[in-house]
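Step one of this worksheet: look at the structure below.
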Amino acid sequence: MANIIEVRNLTKTFGDIAAVKDVSFSVEEGGIFAFLGPNGAGKSTTIKMLTTLLRPSSGTMRIAGRDPVMDPDLVRHSFGIVFQDPSLDEDLTAVENLELHGVLYNVPRATLATRIEELLALVELSDRRNDFVRDFSGGMKRRLEIARGLLHHPKIIFLDEPTLGLDPQTRNHLWSYVQKLNANEGITVFLTTHYMEEAERIARHIAIIDNGVIVAQGTGEALRKQTGTATLEEAFLALTGSSIRDEGGSRLETMRSHHQVWSGSRR
Amino acid sequence: MKAVYIMWLREVKRFIRSKSRIMGSLGQPVLFLIALGYGLGPVFEKAGQGNYLEFIAPGIIGMSIIFTAIFNGMQVIWDRQFGFLKETMVAPVSRLSIMFGRTLGGASVASIQGLLVLAIAIVAGFRPVSWFGILPALLIMLLIALLFSALGIAVASKLKDMQGFQLIMNFLVMPLFFLSGALFPLANVPPALLWVARFDPLSYGVDALRYLLIGTGTFPLALDIGVLVGVSALFLALGSHFFSKMEV
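Here the protein sequences line up with chains L and S, keeping their order. Heads up, the first sequence is in this note's numbering, so the first residue is 2 and it goes up one at a time. Heads up, the second sequence is in this note's numbering, so the first residue is -5 and it goes up one at a time.
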């Protein structure tokens, strides 16, 4: 099968700090790809570049055959995304959030209403359709965001730590739903998570990034063999070490925001 | 075009739903109107300047519009913090239409607020020279609202979080309001103050409102409208530029 995502020598620097260094990987069409790494490793920065929110410092990308830097609008049509942190308008209802998305993505009026009903049923929020999002629980917001990400029938769905802060029931539900979608609709799934067993169960191809560099990629089995470990979690720790990264991650975030405040547009 | 409409609708819906916000932002203009209008009225009258309530009503309308419009523009910062901004930034529509939609929404909301203050002023005893003048005055309100909505978005596009808020309040919104002649006649003020007021777009907005509502003005009406249109266009261009360059 052809590759729907192609990334070559992708680099992003903020000031002196390289958040992503010379990263290359590809995702085949219809595949489920897990992008794993400790906090601050460069996962979200990479996703932001793939989804046109950040411009890379150097390197090339192809999303569904298009360059996110040259053709951002065409690329934006081809993917849906569930961000790491919530991105709903809490002062609107569930349906209003979906309608807004549908209009922005130019979903025809006639189709929009039926699709919204389908998706709300799918994520089991039909009975809450007219409730304000601010009254939703974390899990409900996540489900609504997934419904929203699928509303325009994207070719690819990016899921940036979609199960963060969810209970095991909701997590299982969510992943089985994602698998079903992948199998039935052929949607390519690009996910990140900190739950290694989730990644191993769902993803056919895994890449591990640390300090902005991809340290290993392959199937879960290949990664375990390569490191001589029994589980993906052990393989992950063997590849990335066991020191805590939160510090570095947040420092990078601070640097980034300072850089943005003082230099205006970051290029 | 549909994107502009849906972003406009979002702003208006959010405004109409937050009753507390509407009431809250009416408190200040009402206070100004009553405390200053009635409190300084006798002094103003003795100085031979006429009815002070009549005089400041257009200024207070201008005040409520500039406050509402700039804060509505600054909503971009909240949307950044609550994440909704990202949703609009990855959408396959031009950022220009997102920005226009937001600006028009903010301008509509601020104009409604201005209209509410006008209604309150009428209740408090304000009488426009001609009721017919209210219609063109509405257009001026919309123009003022548009100008400062765009300014709010331009400023918010450059800020990362709400920490800069006090700065904006004390060094942008307050000076724009107090130096505009909203509270005092610009005729006979020290030349330096008049000079500063000439660089404040709100001066022209309030002046135009005064011309249409109470029949007196410092600048020619054509100049007022010209400046409002020109500066609106400038801020819209600036806001669009900053907004489209923004990375989330």
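C-beta: ideal position from N, C-alpha, C; glycine also. Source: prediction; values computed, not measured.
By a C-beta neighbour count over all protein chains shown, 10 Å radius and 16 as the cutoff for buried, is S/T82 buried or exposed? Sixteen is the threshold: when 16 or more other Cβ atoms of the shown chains lie within 10 Å of the Cβ of S/T82, as they do, the residue is buried.
Sequence-distant residues of the same chain with beta carbon closer than 8 Å to L/M62, five excluded per side: I6, E7, V8, R9, L11, M50, L51, D68, P69 and V70
Note the first and the last residue of the continuous alpha helix (DSSP H) segment covering S/D218. L215 to K239
Sorted by chain position, which residues of the same chain lie with C-beta nearer than 7 Å to L/G32's C-beta, five sequence neighbours on each side aside? T189, R205 and H206
When burial is assigned at 16 or more other CB atoms within 10 Å of the CB, is L/G265 buried or exposed? Confidence at L/G265 is low in this model, with a pLDDT of 42, below 50, so the placement of that residue should be treated as unreliable; the coordinate-derived value is given next. Residue environment analysis places L/G265 among the exposed positions, since fewer than 16 neighbouring C-beta atoms fall within 10 angstroms of its C-beta.
C-alpha distance - S/F120 paired with S/M68, whole-angstrom precision: 32 Å
For chain S, is any of its Cβ atoms less than 7 Å away from the one on L/P155? no
Can you tell me the Cα-Cα spacing of L/I64 and S/G146, whole angstroms? 35 Å
Short Cβ contact (7 Å threshold) for S/L207 with S/P86: no
Cα-Cα separation, L/N40 to L/R149: 26 Å
Given a threshold of 16 other Cβ atoms within 10 Å of its Cβ, counted over all protein chains shown, does L/W176 qualify as buried or as exposed? Per the 10 Å Cβ criterion, buried.
What three-state label does DSSP hand L/M62 in the structure shown? strand
Starting from the C-beta of S/L222, find all residues in its chain whose C-beta is less than 8 Å away, skip the five residues before and the five after it, and write them out in chain order. I134, L137, I138, L141, P195, Y198, G199 and A202
Which of the residues in the stretch 104 to 130 of chain L, read from start to end, lie with their CB under 9 Å from any CB of chain S? Within the stretch 104 to 130 of chain L, the residues whose Cβ lies closer than 9 Å to some Cβ of chain S are V104, L105, Y106 and N107, listed in chain order.
How about L/F220 and L/F36: do their beta carbons lie closer than 7 Å? This sequence places Thr at residue 220 of chain L; Phe is not what is there. Not in contact: L/T220 and L/F36 (Cβ atoms no closer than 7 Å).
Residue ranges of each alpha helix (DSSP H) run of no fewer than 4 residues wholly in the stretch 115 to 151 of chain S, ordered along the chain? none
When you compare each of S/L90, S/I64 and S/K80 to S/A101 by their alpha carbons, which one comes out closest? S/I64
Using DSSP with H/G/I as helix, E/B as strand and the rest coil, what is L/G250? At L/G250 the pLDDT is 48, less than 50, meaning the model places this residue with poor confidence and gives no usable figure here.
Residue range of the beta strand (DSSP E) that L/E97 falls in? It is not in any beta strand (DSSP E) - L/E97 instead sits in the alpha helix (DSSP H) that spans A95 to L105.
Where does the unbroken beta strand (DSSP E) through L/G81 begin, and where does it stop? F80 to V83
Chain L residues whose Cβ lies nearer than 8 Å to that of S/F94: Those do not exist, as S/F94 stays about 14 Å from chain L at its closest Cβ, beyond 8 Å.
May I ask which residues mark the beginning and end of the alpha helix (DSSP H) holding L/H174? P169 to E186
Does S/F78 have its Cβ less than 7 Å from a Cβ in chain L? yes
Where the beta strand (DSSP E) containing S/E81 begins and where it ends: Not the beta strand (DSSP E): S/E81 falls in the alpha helix (DSSP H), residues F78 to M83.
Enumerate in chain order the residues of its own chain whose CB-to-CB distance from S/G127 is below 7 Å, with the five nearest sequence positions on each side excluded. L206 and L207
Would you say L/P87 and S/G77 are within 7 Å of each other, going by their C-beta atoms? Yes; because the gap between Cβ atoms is below 7 Å, this pair is in contact.
Other residues of its chain near S/V242: CB distance less than 8 Å, five sequence neighbours each side excluded: R74, L79, K80 and M83
What's the gap between the Cα of S/N66 and the Cα of L/T228? 54 Å
Could you check if S/V117 is buried or exposed, using at least 16 other CB atoms within 10 Å of its CB as the buried criterion? Taking every protein chain shown into account, the CB of S/V117 has fewer than 16 other CB atoms within 10 angstroms, so this residue is exposed.
Using the three-state DSSP reduction, which class does S/R4 fall into: helix, strand or coil? helix
Would you kindly report the start and end of the unbroken beta strand (DSSP E) that includes L/S243? Note, L/S243: premise wrong, no beta strand (DSSP E); not H, not E.
Going along chain S in order, which residues have a C-beta closer than 7 Å to the C-beta of L/E91? F76
Please go through the stretch 27 to 92 of chain S and give each complete alpha helix (DSSP H) segment of 4 or more residues, from N-terminal end onward. 35 to 40, 46 to 76 and 78 to 83
For L/N98, is the classification buried or exposed, using 16 other Cβ atoms within 10 angstroms of its Cβ as the cut-off for buried? Buried is the call here.
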